[in-house]
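Here's the structure we're looking at; comments come further down.
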Amino acid sequence: MRVALVLALAAMLAAALLLIWLDRRLDAPLPLPEDGALFVIEQGESLAAISRRLQATGWLPQPWLLRAWGRFSGDDARIRHGEYRLRPGLSVRELLALLASGRVVQYQVTLPEGITLVQALQRLAAAPALRVVLSGPEDPALLALVAPHTAAEGLFLPETWRYERGDSDLQILARAHRALEDELARAWAGRAEGLPLESPYEALILASIIERETGVPAERGEIAGVFVRRLQRGMRLQTDPTIIYGLGEGFDGNLRRSHLEDAGNRYNTYRHHGLPPTPIALPGRAAIRAALQPAAGDSLYFVARGDGSHVFSSTLEAHRRAVRKYQLSRREDYRSSPPPSSQ
11 MRVALVLALA AMLAAALLLI WLDRRLDAPL PLPEDGALFV IEQGESLAAI
61 SRRLQATGWL PQPWLLRAWG RFSGDDARIR HGEYRLRPGL SVRELLALLA
111 SGRVVQYQVT LPEGITLVQA LQRLAAAPAL RVVLSGPEDP ALLALVAPHT
161 AAEGLFLPET WRYERGDSDL QILARAHRAL EDELARAWAG RAEGLPLESP
211 YEALILASII ERETGVPAER GEIAGVFVRR LQRGMRLQTD PTIIYGLGEG
261 FDGNLRRSHL EDAGNRYNTY RHHGLPPTPI ALPGRAAIRA ALQPAAGDSL
311 YFVARGDGSH VFSSTLEAHR RAVRKYQLSR REDYRSSPPP SSQ
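Numbers given in this note's numbering equal positions in the sequence shown, counted from 1, plus 10.
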């Protein structure tokens, strides 16, 4: 009887010591690199396979411990695929909790206001860990996304977008397109009365021009007012960014008189009345709101000072004086208004 009691006590002591040892091993720091490591779990990968890969890297000396704790805690059935950042000092217990949490590494890519779709695709292609599935702005998948529109330019909201490893450029643009549609619908619903715009898409086209012309954010509303009043009066918009967009890769940075006179360029707002056929860039929220809530006033012209701001004029005579003052002495400067002989 006494022997049995001693054996039972010994067994209980051994079990207690084992539990203490296991508990300590579960909380012991793993031999991860000093600056941590990235580890990718494939979709459908089992905890056993994960353990073997971690052991092969030298980061998990006792893979059976991870598997055992996974079965005991039930987390082996909750592991989510993706890329995880393993911080230095991580224990087996913390490792399993991380893999079951789904807190995967987040990346981000910024699409600045005013860039073109081609430039946006280039930024997405250069983004780390993002899959590239689109061949260009006329990729069938992209055109299907923006249908019924036949061109995708301007139909994506420029913002900073977060993503995970394995996401694609198309997925980012799908989110940006939904956000753009939502923003445009809200702005259109609250638009000012009497605008010379027949649809939200026309508002988007105008917003893209405002975006490209704006150097100082505070001037967006006034720039929008100039364009709206010119449209209302049947005046050509006469804005350089539209011509430059129509020239595409053929533009070498020097806008020539021949470009201004080229009626074959559908985006030449010096020769064609009304809006160009599509947006010329990705307009941001502020530009969209400016297009639909332009500032009141009587100015019909503006010219760049050379510091990003503009001088606004209500008469052609005043505009010509501003052009002589700010631009005729700086031919290399970018013009953001009609030449002196136009109206």
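Glycine residues also receive a C-beta, built at the ideal position from the N, C-alpha and C atoms.
In this text, all values refer to a predicted model and were calculated from it rather than measured experimentally.
How would you label L28, buried or exposed, when you count the other beta carbons within 10 angstroms and need 16 or more for buried? Confidence at L28 is low in this model, with a pLDDT of 49, below 50, so its placement is unreliable and the value that follows should be read with caution. The residue is exposed, with fewer than 16 neighbouring Cβ atoms inside 10 Å.
Measuring straight from C-alpha to C-alpha, what distance separates L106 and D177? 24 angstroms
W74 classed as buried or exposed, judged by whether at least 16 other C-beta atoms fall within 10 angstroms: exposed
Between the alpha carbons of S319 and A184, how many angstroms are there, rounded? 34 angstroms
In the structure shown, what three-state DSSP assignment does A199 receive? helix
contact_flag[the stretch 289-298, the stretch 210-229] where n(CB pairs < 8 angstroms) is 3 or more: yes
Quick check on this structure: which residue in I254, A305, G294 has the alpha carbon closest to the alpha carbon of Y280? I254
Are there three or more Cβ pairs, one per stretch, closer than 8 angstroms when the stretch 36-55 is compared with the stretch 88-98? yes
Return the chain-ordered list of same chain residues with a C-beta closer than 6 angstroms to the C-beta of R175, the five sequence neighbours on each side being excluded. E93, A139
Among L108, A301, L270, whose alpha-carbon lies nearest the alpha-carbon of E208? A301
Does the Cβ of E342 have 16 or more other Cβ atoms within 10 Å, making it buried, or fewer, making it exposed? Confidence in E342 is poor, its pLDDT being 46 and thus under 50, which makes the residue's placement unreliable; the coordinate value appears in the next sentence. It counts as exposed.
Closest by C-alpha distance to E393, when choosing among V128, A130, A161, A314: Outside the shown range of the chain (11 to 353) lies residue 393, about which nothing can therefore be said.
Three-state secondary structure (DSSP) of F166: coil
Distance check for V333 and D179, CA to CA, integer angstroms please. 43 angstroms
On the DSSP bridge list, what partners appear for R315? R315 is not bridged to any residue.
Reduced DSSP secondary structure (H/G/I, E/B, other) of R334: helix
Local conformation of A306 per DSSP, three classes: coil
Reduced DSSP secondary structure (H/G/I, E/B, other) of P206: coil
Comparing alpha-carbon positions, which option in G112, E104, S111, Q129 lies nearest V119? Q129
For H329, is the classification buried or exposed, using 16 other Cβ atoms within 10 angstroms of its Cβ as the cut-off for buried? buried
Thinking C-beta only, is T224 closer than 8 angstroms to A297? yes
Work out the CA separation of L167 and E193 for me, nearest whole Å. 8 angstroms
Going by beta-carbon coordinates alone, are L40 and W79 separated by less than 8 angstroms? no
Start-to-end residues for the beta strand (DSSP E) that takes in R113: Counting along the chain, R113 falls outside any beta strand (DSSP E), and DSSP gives it neither H nor E.
At which residues does the alpha helix (DSSP H) containing F237 begin and terminate? 230-242
For L121, tell me which candidate among R35, K335, E169 has the shortest Cα-Cα distance. E169
In three-state terms, what does DSSP make of R185? helix
Which first and last residues belong to the beta strand (DSSP E) in which Y94 is found? 92-96
Between R77 and L57, is the Cβ-Cβ spacing less than 8 angstroms? yes
Hey, could you find the ends of the beta strand (DSSP E) H320 is sitting in? 320-323
Can you check the stretch 214-299 for any alpha helix (DSSP H) of at least 4 residues that lies completely inside it and give the ranges in chain order? 230-242, 250-257, 267-271
Determine the direct distance from the alpha carbon of Q303 to that of A202, and round the result to whole angstroms. 5 angstroms
What residue from L214, R240, G235 has the CA that sits closest to G376's CA? A question about residue 376 goes unanswered here, because the residues of the chain that appear run from 11 up to 353.
Relative to the alpha-carbon of G84, which residue among R62, Q65, L109 has its alpha-carbon at the smallest distance? L109
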